[in-house]
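Okay, structure first, notes after.
Residue numbers (the UniProt record's numbering): 1 to 329.
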């Protein structure tokens with residue numbers, strides 16, 4: 001459980017500040033493009049632009065991930081400043097995970113519900129991380145066939161099969177995300193004292209293993225899909241490099257390469273930390289730093305690239321079907 005592990009970590013102040021700054025930068029860049037996608041990127045019931053709806057879903061889910069994470073991560077310097085004022089001490093608890101480690105919270109049972117909420121936000125962040133990755137997978141696996149259709153005017157049998165397989169795979173990943181989210185909440189309710197300390201009830205360690213295995217499974221599935229996406233983007237680029245959609249094909253290839261970087265990091269994390277989890281060992285602070293840079297920044301950049309693909313009009317080499325009704329929009 002990455003985010004709940006991060007809640008219990010004793011990262012130095014410099015790492016905490018780095019977390020906050022990096023996540024904040026991601027949030028600042030992603031939110032405007034999320035709003036712009038809903039305003040400027042239209043589907044228009046064009047089969048070639050089916051990826052647009054998935055782009056919007058991926059942007060919203062990724063923005064939720066970053067927002068939840070920013071909620072969990074605030075700089076220690078800010079916290080200490082807030083804690084100097086009794087009037088805003090309770091308010092500061094809502095905005096910082098570091099505050100959760102202070103003596104003031106654990107010595108006052110009235111603050112424990114805030115600790116519970118903080119852990120629950122961590123579970124939501126894990127859920128958003130997986131579902132946003134699933135939406136990105138569908139986005140990229142429908143973008144390739146969309147480029148093909150925009151050129152040829154028809155949907156091939158291979159593209160149709162690929163679309164159905166993609167939807168089925170996304171459904172499996174999202175279902176697994178719901179399962180481990182529910183198990184995480186159940187673990188907090190039944191195997192801890194609700195503020196992060198595991199009770200002596202039998203089965204607690206096995207429950208954490210199950211959650212980690214489910215999370216690792218989603219990462220492995222998404223990594224395998226990223227290999228297919230990369231192959232599809234390379235094929236699309238080679239086939240369309242002399243067409244009017246050359247620039248779009250280049251952006252698609254760049255987005256796919258960013259996706260495989262993100263998926264490979266998540267795959268590595270799953271193998272190294274989730275599947276080999278040990279209750280006696282912690283997680284080094286730099287691991288979260290790498291997750292933000294390799295896992296989240298790359299995904300944010302690829303979503304921004306995908307926005308520019310979706311926003312291109314026909315005249316500038318955008319992805320539109322060749323029928324007159326769509327091209328006149």
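Ideal Cβ positions, reconstructed from N, Cα and C, are used throughout, including at glycine. Since the structure is predicted, the reported quantities are computational estimates derived from the model, not experimental observations.
For residue 268, the enclosing alpha helix (DSSP H) starts and ends at 246–269. For residue 157, the three-state secondary structure derived from DSSP is helix.
At least 8 Å separates the beta-carbon of residue 191 from that of residue 123. The alpha-carbon separation between residue 186 and residue 155 amounts to approximately 45 Å. Apart from the 5 residues on each side of it in sequence, residue 293 sits with its Cβ closer than 8 Å to the Cβ of 22 in its chain, given in chain order. The residue among 261, 66, 285, 120 with its C-alpha nearest the C-alpha of residue 15 is 285. The criterion of a C-beta distance shorter than 8 Å is not satisfied by residue 219 and residue 252. 132 is the residue among 18, 25, 236, 132 whose C-alpha sits nearest the C-alpha of residue 54. In its chain, beyond the 5 residues on either side, 229, 255, 256, 259 have a beta carbon closer than 7 Å to the beta carbon of residue 140. Ranking 316, 314, 307, 318 by CA distance to the CA of residue 39 puts 307 first. Selection 138, 174, 36, 274 evaluated against residue 205 yields 274 as nearest (Cα-Cα).
The C-beta distance from residue 168 to residue 137 rounds to 12 Å, too long to meet the 8 Å contact threshold.
By the neighbour-count criterion, in which 16 or more other beta carbons inside 10 Å mark a residue as buried, residue 32 falls on the exposed side.
Straight-line measurement puts the Cα of residue 58 at about 11 Å from the Cα of residue 302.
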